[in-house]
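Enquirer: Pasting in a structure now, in C-alpha coordinates, and then I'll have a few things to ask.
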Amino acid sequence: MTEELTAEEIEFLNSIFDLARDNKPQALSSLIEQGIPVNLTNSKGDTLLILAAYHQNAEVVATLIAAGADLDRVNDRGQSALACAVFRGNQQIASQLLDAGADVNAGHQTPLEIAQFFGIDHLVPLLKEHGAATQG
7 MTEELTAEEI
17 EFLNSIFDLA
27 RDNKPQALSS
37 LIEQGIPVNL
47 TNSKGDTLLI
57 LAAYHQNAEV
67 VATLIAAGAD
77 LDRVNDRGQS
87 ALACAVFRGN
97 QQIASQLLDA
107 GADVNAGHQT
117 PLEIAQFFGI
127 DHLVPLLKEH
137 GAATQG
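Sequential numbering of the sequence shown, starting at 7, is according to the numbering used here.
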(Lines of atoms letter the chains of each structure in order from A; the text may use other names.)
(Lines give C-alpha, C1' and ligand atoms only; values in the text may rest on other atoms or scores of the structure.)
Protein backbone atom coordinates (compact mmCIF):
# COMPACT_ATOMS: atom_id res chain seq x y z
CA MET A 7 0.00 0.00 0.00
CA THR A 8 1.52 3.31 -1.05
CA GLU A 9 0.48 6.63 0.35
CA GLU A 10 -0.05 9.60 -1.91
CA LEU A 11 1.96 12.72 -1.23
CA THR A 12 0.13 15.80 -0.05
CA ALA A 13 0.14 18.99 -2.11
CA GLU A 14 2.51 20.53 0.45
CA GLU A 15 4.94 17.62 0.18
CA ILE A 16 4.92 17.81 -3.62
CA GLU A 17 5.49 21.57 -3.45
CA PHE A 18 8.43 21.06 -1.07
CA LEU A 19 10.01 18.41 -3.32
CA ASN A 20 9.58 20.64 -6.37
CA SER A 21 11.30 23.46 -4.49
CA ILE A 22 14.34 21.21 -4.00
CA PHE A 23 14.63 20.69 -7.75
CA ASP A 24 14.30 24.47 -8.18
CA LEU A 25 17.41 24.90 -6.01
CA ALA A 26 19.40 22.85 -8.53
CA ARG A 27 17.92 24.78 -11.47
CA ASP A 28 18.33 28.21 -9.85
CA ASN A 29 21.95 27.82 -8.65
CA LYS A 30 21.40 27.69 -4.89
CA PRO A 31 24.28 25.47 -3.69
CA GLN A 32 24.21 26.48 -0.01
CA ALA A 33 20.48 25.84 0.41
CA LEU A 34 20.74 22.54 -1.45
CA SER A 35 23.77 21.46 0.58
CA SER A 36 21.91 22.24 3.80
CA LEU A 37 18.97 20.07 2.76
CA ILE A 38 21.28 17.20 1.79
CA GLU A 39 22.98 17.46 5.18
CA GLN A 40 19.51 17.22 6.76
CA GLY A 41 18.78 13.98 4.91
CA ILE A 42 17.38 14.84 1.48
CA PRO A 43 18.84 12.19 -0.87
CA VAL A 44 21.60 13.55 -3.09
CA ASN A 45 20.20 11.41 -5.91
CA LEU A 46 16.62 12.63 -5.51
CA THR A 47 14.86 12.07 -8.83
CA ASN A 48 11.79 13.77 -10.29
CA SER A 49 8.97 12.21 -12.30
CA LYS A 50 11.03 12.46 -15.52
CA GLY A 51 14.02 10.70 -14.01
CA ASP A 52 16.03 13.91 -13.71
CA THR A 53 18.36 13.99 -10.74
CA LEU A 54 19.49 17.16 -9.03
CA LEU A 55 22.84 16.73 -10.81
CA ILE A 56 21.24 16.39 -14.24
CA LEU A 57 19.18 19.55 -13.66
CA ALA A 58 22.18 21.50 -12.37
CA ALA A 59 24.29 20.45 -15.36
CA TYR A 60 21.55 21.27 -17.87
CA HIS A 61 20.95 24.69 -16.27
CA GLN A 62 24.72 25.31 -16.25
CA ASN A 63 25.11 25.77 -12.51
CA ALA A 64 28.72 24.85 -11.84
CA GLU A 65 28.54 25.61 -8.11
CA VAL A 66 25.59 23.26 -7.63
CA VAL A 67 27.33 20.60 -9.73
CA ALA A 68 30.40 20.87 -7.49
CA THR A 69 28.23 20.69 -4.36
CA LEU A 70 26.44 17.57 -5.60
CA ILE A 71 29.68 15.88 -6.67
CA ALA A 72 31.16 16.55 -3.23
CA ALA A 73 28.02 15.09 -1.63
CA GLY A 74 28.43 11.86 -3.60
CA ALA A 75 25.86 12.25 -6.38
CA ASP A 76 25.64 9.39 -8.90
CA LEU A 77 27.54 10.84 -11.86
CA ASP A 78 26.22 8.34 -14.38
CA ARG A 79 22.53 8.06 -13.56
CA VAL A 80 20.39 8.70 -16.64
CA ASN A 81 16.93 10.21 -16.86
CA ASP A 82 13.94 8.72 -18.66
CA ARG A 83 15.31 10.04 -21.97
CA GLY A 84 18.64 8.29 -21.40
CA GLN A 85 20.55 11.52 -20.69
CA SER A 86 23.30 11.79 -18.09
CA ALA A 87 24.54 14.96 -16.39
CA LEU A 88 27.61 14.86 -18.66
CA ALA A 89 25.41 14.58 -21.75
CA CYS A 90 23.46 17.64 -20.56
CA ALA A 91 26.64 19.64 -19.98
CA VAL A 92 27.91 18.71 -23.43
CA PHE A 93 24.58 19.54 -25.09
CA ARG A 94 24.77 22.98 -23.48
CA GLY A 95 28.40 23.34 -24.61
CA ASN A 96 29.60 23.94 -21.05
CA GLN A 97 33.24 22.93 -20.84
CA GLN A 98 33.60 23.85 -17.17
CA ILE A 99 30.82 21.52 -16.05
CA ALA A 100 31.85 18.79 -18.47
CA SER A 101 35.36 18.97 -17.01
CA GLN A 102 34.03 18.90 -13.44
CA LEU A 103 32.05 15.77 -14.17
CA LEU A 104 34.85 14.05 -16.08
CA ASP A 105 37.41 14.89 -13.41
CA ALA A 106 35.05 13.38 -10.81
CA GLY A 107 34.86 10.16 -12.84
CA ALA A 108 31.74 10.50 -15.01
CA ASP A 109 31.48 7.78 -17.65
CA VAL A 110 31.91 9.19 -21.17
CA ASN A 111 29.81 6.29 -22.45
CA ALA A 112 26.79 6.67 -20.13
CA GLY A 113 23.40 7.32 -21.64
CA HIS A 114 21.32 6.63 -24.71
CA GLN A 115 23.63 8.79 -26.82
CA THR A 116 27.14 9.20 -25.50
CA PRO A 117 28.33 12.73 -24.76
CA LEU A 118 30.82 12.39 -27.65
CA GLU A 119 28.01 11.46 -30.05
CA ILE A 120 26.04 14.48 -28.83
CA ALA A 121 29.00 16.80 -29.32
CA GLN A 122 29.63 15.49 -32.82
CA PHE A 123 25.95 15.54 -33.85
CA PHE A 124 25.35 19.12 -32.67
CA GLY A 125 28.75 20.46 -33.79
CA ILE A 126 29.96 21.24 -30.28
CA ASP A 127 33.50 20.85 -31.53
CA HIS A 128 35.31 22.49 -28.62
CA LEU A 129 34.32 19.59 -26.34
CA VAL A 130 35.28 16.74 -28.67
CA PRO A 131 38.99 16.65 -27.67
CA LEU A 132 38.13 16.67 -23.95
CA LEU A 133 35.67 13.80 -24.37
CA LYS A 134 38.04 11.81 -26.55
CA GLU A 135 40.86 12.32 -24.03
CA HIS A 136 38.73 11.01 -21.18
CA GLY A 137 37.32 8.23 -23.35
CA ALA A 138 40.82 7.01 -24.20
CA ALA A 139 41.83 7.22 -20.53
CA THR A 140 38.95 4.98 -19.46
CA GLN A 141 39.60 2.44 -22.19
CA GLY A 142 43.05 1.61 -21.31
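Yeah, the Cβ is synthetic: ideal placement off N, Cα and C, and Gly gets one too.
If you're wondering where the values come from, they're calculated on a predicted model, not measured in any experiment.
(1) Rounded to whole angstroms, what's the CA-CA distance from L133 to F123? Just pull it up for me.
(2) S35: buried (16+ other C-beta within 10 angstroms of its C-beta) or exposed?
(3) Pick helix, strand or coil for T47, following the three-state DSSP scheme.
(4) Report the start-end ranges of each alpha helix (DSSP H) in the segment 15-46 that is 4 residues or longer and not cut off at the edges.
(5) Can you give the Cα-Cα distance for I99 and Q115, rounded to whole angstroms?
(6) Under the assumption that F23 contacts L54 (Cβ atoms under 8 angstroms), give the Cβ distance between them as a whole number of angstroms.
(7) What residues in its chain sit with their C-beta under 6 angstroms from that of F93, if we drop five residues either side in the sequence?
(8) Rank E39, G107, R83, S21 by C-alpha distance to the C-alpha of G113 and give the top, closest one.
(9) Does the Cβ of D52 have 16 or more other Cβ atoms within 10 Å, making it buried, or fewer, making it exposed?
(10) Using the Cβ count rule (16 or more neighbours within 10 Å means buried), how would you classify Q40?
(11) To which residues of the same chain is E65 closer than 7 angstroms at the C-beta, ignoring the five residues directly before and after it?
Expert: This is what the structure gives:
(1) 14 angstroms
(2) Looking at its Cβ environment, which holds 16 or more other Cβ atoms inside 10 Å, S35 is buried.
(3) strand
(4) Secondary structure remark: continuous alpha helix (DSSP H) runs of at least 4 residues inside the segment 15-46, in chain order: 31-39.
(5) 18 angstroms
(6) 7 angstroms
(7) Excluding positions up to five away in sequence, the list reads I120.
(8) R83
(9) It counts as buried.
(10) exposed
(11) N29, P31
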